[in-house]
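In order, the protein sequence lines correspond to chains A and B. Using numbering that gives the first Met the number 0, the letters of the first sequence map in sequence onto residues 0 to 363. Using numbering that gives the first Met the number 0, the letters of the second sequence map in sequence onto residues 0 to 436. We put the beta carbon where it would ideally sit given N, CA and C, even for glycine. From a predicted model like this one, the values you see are computed outputs, not experimental measurements. Quick notes on the structure that follows.
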Amino acid sequence: MSHRTWCSLCTIGLSVFLLTPAQTLLAAEGPTLAAGGPLAFGPDNVLFIADNGAAKIVALELGAQGAGATRGTLDVPGIDRQIAALLGTDQSQIRINDLAINPASQNAFLSVSRGLGANATPVLLRVDGAGTIDVVSLSAVTYTELALPNAPAANPSARRDPRSSSVTDMSFVNDQLFIAGLSSEEFSSKLRSVDYPFASINSGASVEIWHAAHGRFETHSPVYTFVPYEIDGEQNLIAGYLCTPLVKFPVTTLQPGAKVMGTTIAELGSGNRPIDMVVYKKDGADYLLMSNTSHGVMKIPTADFDTQPGLTEPVGGGDTAGVTFETIRHLTGVEQLDVLDDKRMVVITRNDSGQADLEALALP
Amino acid sequence: MVDGATRDDGMQGTWGRRQQARAISCFRLAPRVGVLSLIAGCANGPVVDMSAVSITLAAGPSHTDADTGHGSISVTGLPETQVDTLRSTGLTEQQWADLLRVTVVMEDGAVDADLPPILGSHTVGDDGSVRFTPMFPFDAGRSYAVRLDPNQLPGLDAAATDTMVAIDAVVGFPKPDIQPTTVVERIFPSGDRIPENQLKVYLHFSAPMSHVDGLAYITLRDGRGRAVEAPFLPFGSDFWDKDHLRYTVFFDPGRIKQGLTLNERLGRSLQAGQTYTLVVDPTWPDADGNPLQAPFEKRFSVGPADTAPLDHTTWRLRLPAAGSTQRLVVSFPEPLDHALMRRAIGVQTGDGEPVPGEVETGSWETRWMMTPAKPWAAGAYALVASTIVEDLAGNQIGMPFEILTLGPPSDHTGDPAGTPANDGAMGDRVSIPFDIR
Numbered sequence: 000m001s002h003r004t005w006c007s008l009c010t011i012g013l014s015v016f017l018l019t020p021a022q023t024l025l026a027a028e029g030p031t032l033a034a035g036g037p038l039a040f041g042p043d044n045v046l047f048i049a050d051n052g053a054a055k056i057v058a059l060e061l062g063a064q065g066a067g068a069t070r071g072t073l074d075v076p077g078i079d080r081q082i083a084a085l086l087g088t089d090q091s092q093i094r095i096n097d098l099a100i101n102p103a104s105q106n107a108f109l110s111v112s113r114g115l116g117a118n119a120t121p122v123l124l125r126v127d128g129a130g131t132i133d134v135v136s137l138s139a140v141t142y143t144e145l146a147l148p149n150a151p152a153a154n155p156s157a158r159r160d161p162r163s164s165s166v167t168d169m170s171f172v173n174d175q176l177f178i179a180g181l182s183s184e185e186f187s188s189k190l191r192s193v194d195y196p197f198a199s200i201n202s203g204a205s206v207e208i209w210h211a212a213h214g215r216f217e218t219h220s221p222v223y224t225f226v227p228y229e230i231d232g233e234q235n236l237i238a239g240y241l242c243t244p245l246v247k248f249p250v251t252t253l254q255p256g257a258k259v260m261g262t263t264i265a266e267l268g269s270g271n272r273p274i275d276m277v278v279y280k281k282d283g284a285d286y287l288l289m290s291n292t293s294h295g296v297m298k299i300p301t302a303d304f305d306t307q308p309g310l311t312e313p314v315g316g317g318d319t320a321g322v323t324f325e326t327i328r329h330l331t332g333v334e335q336l337d338v339l340d341d342k343r344m345v346v347i348t349r350n351d352s353g354q355a356d357l358e359a360l361a362l363p
Numbered sequence: 000m001v002d003g004a005t006r007d008d009g010m011q012g013t014w015g016r017r018q019q020a021r022a023i024s025c026f027r028l029a030p031r032v033g034v035l036s037l038i039a040g041c042a043n044g045p046v047v048d049m050s051a052v053s054i055t056l057a058a059g060p061s062h063t064d065a066d067t068g069h070g071s072i073s074v075t076g077l078p079e080t081q082v083d084t085l086r087s088t089g090l091t092e093q094q095w096a097d098l099l100r101v102t103v104v105m106e107d108g109a110v111d112a113d114l115p116p117i118l119g120s121h122t123v124g125d126d127g128s129v130r131f132t133p134m135f136p137f138d139a140g141r142s143y144a145v146r147l148d149p150n151q152l153p154g155l156d157a158a159a160t161d162t163m164v165a166i167d168a169v170v171g172f173p174k175p176d177i178q179p180t181t182v183v184e185r186i187f188p189s190g191d192r193i194p195e196n197q198l199k200v201y202l203h204f205s206a207p208m209s210h211v212d213g214l215a216y217i218t219l220r221d222g223r224g225r226a227v228e229a230p231f232l233p234f235g236s237d238f239w240d241k242d243h244l245r246y247t248v249f250f251d252p253g254r255i256k257q258g259l260t261l262n263e264r265l266g267r268s269l270q271a272g273q274t275y276t277l278v279v280d281p282t283w284p285d286a287d288g289n290p291l292q293a294p295f296e297k298r299f300s301v302g303p304a305d306t307a308p309l310d311h312t313t314w315r316l317r318l319p320a321a322g323s324t325q326r327l328v329v330s331f332p333e334p335l336d337h338a339l340m341r342r343a344i345g346v347q348t349g350d351g352e353p354v355p356g357e358v359e360t361g362s363w364e365t366r367w368m369m370t371p372a373k374p375w376a377a378g379a380y381a382l383v384a385s386t387i388v389e390d391l392a393g394n395q396i397g398m399p400f401e402i403l404t405l406g407p408p409s410d411h412t413g414d415p416a417g418t419p420a421n422d423g424a425m426g427d428r429v430s431i432p433f434d435i436r
């Protein structure tokens, strides 16, 4: 039996619902987080954090806390153990949910859970260029927040459980925050875009992404991570699906009422989940760097993203097709990834003994 | 010396419940004789009599506003002159940490000298005690190492420093002795027959569970008791409900969808004609860190794959009488997904107003029943269902889990060839009108 992958084309069935009339959001101080999820930096030291416990996105105006004493990010071996020690617990009780580099200070920000029980506490940490780990105090941070809409319900008495979906990735570009999420009830992906500053309580666009294959539409497949990228002057989102097609679709198509067909530009192998992806430039060329649960870290030149035709045929043999990529062999166990500067990235890797290390490494 | 304290501040957190906590070990390791020799060796400097010093773990309430009631470590018995000097000297965080250092004893037993001290605040109380309050509550059942280094006291003569013996203690709150009580209360589908392409299973627990990846505690065994290889979607920490009472187990769609590599290599996780048992390991920790009270098993027999979309025209309604609060009963020819049928099916009046009521499911999720909050008024109604309602295999209203191709794929922008739109919004729904008389 040939090892074929039928994940060859993705279709984006897109529709939009606007939920509530616009209301002005006022900035306040001292946000309350039920859980700390994915992070994304916006403009001017604004850090977006997804609160999957309260189904909201909080925009933190970090101000002076956006920078530690030393610019940059220094390696911290055993980062989970160091964090556990600072927070007064064991490393088994620490979960690092996301990493984001502040482009202004080049400090690393970590979204962490302290504890695994019902009283798990979200903690936001900053690592600076001296390797100093500080807790970012939220008590004096000015913020605005955006409530994510409840899951749709036809039964007016149904339990409105906003936690049936959780945010898995966010990205900010051109005054818009894009948000991807998973549902614990529906095997599908929601992609939402909202304007920032949050001018209104508006769910923005909710996009059902259809993942199509040769001969079939796989309508139920979640996007796990994505990154904005400009292709031939047009802003696109490059999305990584579960098994693992890479799909591009123009941001301009994310409009109310639109139905859009996206393009699968690569098939990167099955039995895999993308974890994180970034775009960077090296020697005059752009690359997409993508970490995966099973297939390591892939370096994918973007030069052919524009011309690569949508994959339409089953993929034979080795599971992969479309734009070419290189697996970076020396990068293993990468759980978190972000670009530090034009030559380096920051990764959190976990070795075979279970230790997590934060390292600044040269971009491959 | 063992000290204890009653926590009675009702704060949230690990110690959120009103409870009595006792320090499991709070003792001075440095022998008094060492302190005496220290005093003898400091003839030209200020004498620091540490003989009365003790270190205790108190559960609050404490003596300063800075104390947040997490429990704190208190040092008493310092000479009055030293206390006065500490009050008048503004120590930096680093200087405080050098004087009174509190570190975690990791679960592997290591008190790693390279680990940083716990974040927290130091204060000097009116009673002369020095107190350390952690930024986050001390964990119950965890040990904390405390070192008081008198050489770091401010105002000492240079000759007196580095000559005194530090006082070490290990403190901690005991873990409450709670017997395991959490169980798997229900599982959906509740029936014992599922299709070969079953999409997901819901486990409902009697109490909140921990934030761990539940897949480590779930096994699917075939009829001969052998574990099925990789049956589930391999990331499992995201599929809790808000209260951590319900956990969703997705069968790996890579094995369900025809033509995918995993499907071709391993086949479907479930094979028609066979029986399987879903086994829940009782070591799965609940939110308090306790194991389940008992293991849980659910046996299924497996039928053929179900690839047909849901057809709402096959649903049958049993109508209540006007003026009554009888249940409206809707029967389906096959079981539906429990979570979605509860959420995404409802009743509206002829004017489109939602009708509130209590919804139940029954007969292995082949029935949906609603008891109205108020007696039914005679008139026109409609049963409404979002198209996201699914059967056990993920087939939705008008749209199967796997859709047959709709023409040659292309990357143009446009309507995907008449495919049923389904954005999860309430705009995509079907309705079945009925009258109550």
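Report the three-state DSSP secondary structure of residue i (helix, strand or coil).
| i | result |
| --- | --- |
| ALA57(B) | strand |
| PRO300(A) | strand |
| MET0(A) | With a pLDDT of 35 at MET0(A), under the threshold of 50, the modelled position of this residue cannot be trusted; read the value that follows with caution. In the structure shown, MET0(A) sits in coil (DSSP, three-state: anything other than H, G, I, E or B). |
| ALA39(A) | strand |
| LEU330(A) | coil |
| ALA96(B) | helix |
| ALA119(A) | coil |
| SER87(B) | helix |
| GLU233(A) | strand |
| PRO244(A) | strand |
| LEU86(A) | helix |
| TYR216(B) | helix |
| GLN26(A) | The sequence shown places Ala at residue 26(A), rather than the Gln named in the question. In this structure, ALA26(A) counts as coil in the three-state DSSP scheme. |
| VAL134(A) | strand |
| ARG185(B) | strand |
| LEU145(A) | strand |
| ALA168(B) | strand |
| MET340(B) | helix |
| ARG223(B) | coil |
| GLU79(B) | helix |
| GLN92(A) | helix |
Which residues does DSSP list as the beta-bridge partners of residue i?
| i | result |
| --- | --- |
| THR162(B) | In the DSSP output, where bridge partners are listed per residue, THR162(B) has none listed. |
| GLN335(A) | ILE347(A) |
| MET289(A) | MET276(A) and MET297(A) |
| SER170(A) | PHE177(A) |
| GLU358(A) | VAL346(A) |
| LEU109(A) | LEU98(A) and LEU124(A) |
| THR274(B) | SER300(B) |
| GLU184(A) | According to DSSP, GLU184(A) bridges with nothing at all. |
| ALA49(A) | ILE56(A) |
Rounded to whole angstroms, how far is the Cβ of residue i from the Cβ of residue j, which I believe are closer than 8 Å?
| i | j | result |
| --- | --- | --- |
| PRO371(B) | GLY351(B) | No, PRO371(B) and GLY351(B) are not in contact; Cβ-Cβ is about 17 Å, not under 8 Å. |
| LEU316(B) | ILE396(B) | So it is not a contact: roughly 16 Å between Cβ atoms. |
| ILE347(A) | ILE78(A) | 6 Å |
| SER142(B) | VAL169(B) | 5 Å |
Under 7 Å from any heavy atom of the ligand NAD, does the C-beta of residue i make it?
| i | result |
| --- | --- |
| ASP43(A) | Ligands displayed in this structure: none; no statement on the ligand NAD is therefore possible. |
Jot down the residue ranges of each uninterrupted beta strand (DSSP E) in the region 284-335 of chain B, minimum 3 residues, whole runs only, in chain order. Counting only runs of 3 or more residues that sit fully inside the region 284-335 of chain B, the beta strand (DSSP E) segments are 295-302, 315-317 and 327-330, in chain order.
Name the residues in the region 77-90 of chain A whose C-beta lies less than 8 Å from a C-beta of chain B; which are they? So the close ones are ARG80, GLN81, ALA83, ALA84, LEU85, LEU86, GLY87, THR88, ASP89 and GLN90.
Jot down the residue ranges of each uninterrupted beta strand (DSSP E) in the region 348-385 of chain B, minimum 3 residues, whole runs only, in chain order. As far as the region 348-385 of chain B is concerned, its whole beta strand (DSSP E) runs of at least 3 residues are 356-361, 366-371 and 378-385.
Closer than 7 Å, Cβ to any Cβ of chain B: which residues of the region 113-147 of chain A, in chain order? Hits within the stretch, in order: ARG113, LEU115, GLY116, ALA117, ASN118, ALA119, THR120 and VAL134.
Would you mind listing the beta strand (DSSP E) stretches within the region 51-82 of chain A that are 3+ residues and don't spill past its ends, in chain order? As far as the region 51-82 of chain A is concerned, its whole beta strand (DSSP E) runs of at least 3 residues are 55-60.
Continuous beta strand (DSSP E) assignments of at least 3 residues falling wholly in the region 100-154 of chain B: 119-123, 129-133 and 143-147, all fully within the region 100-154 of chain B.
Using a beta-carbon distance cut-off of less than 9 Å, what residues from the region 207-237 of chain B approach chain A? The residues in question are PRO207, MET208, SER209, HIS210, VAL211, ALA229, LEU232, PRO233, PHE234, SER236 and ASP237.
For the region 168-198 of chain A, which residues have a beta carbon sitting closer than 8 Å to at least one beta carbon of chain B? Flagged, chain order: LEU181, SER183, GLU184, GLU185, PHE186, SER187 and LYS189.
Residues within the region 37-65 of chain A neighbouring chain B, beta-carbon criterion of under 9 Å: For the region 37-65 of chain A, residues whose beta-carbon sits nearer than 9 Å to a beta-carbon of chain B comprise ASN51, GLY52, ALA53 and ALA54.
Mind checking the region 127-160 of chain B against chain A and listing, in chain order, the residues whose C-beta falls within less than 9 Å of any C-beta there? Within the region 127-160 of chain B, the residues whose Cβ lies closer than 9 Å to some Cβ of chain A are PRO133, MET134, PHE135, PRO136, PHE137, ASP138, ARG141 and TYR143, listed in chain order.
Within 8 Å of chain A by C-beta, residues of the region 173-191 of chain B in sequence order: Here the close residues number zero.
What residues from the region 301-315 of chain B come within 9 Å of chain A, judged by C-beta to C-beta, listed N to C? Cβ contacts with chain A: none found.
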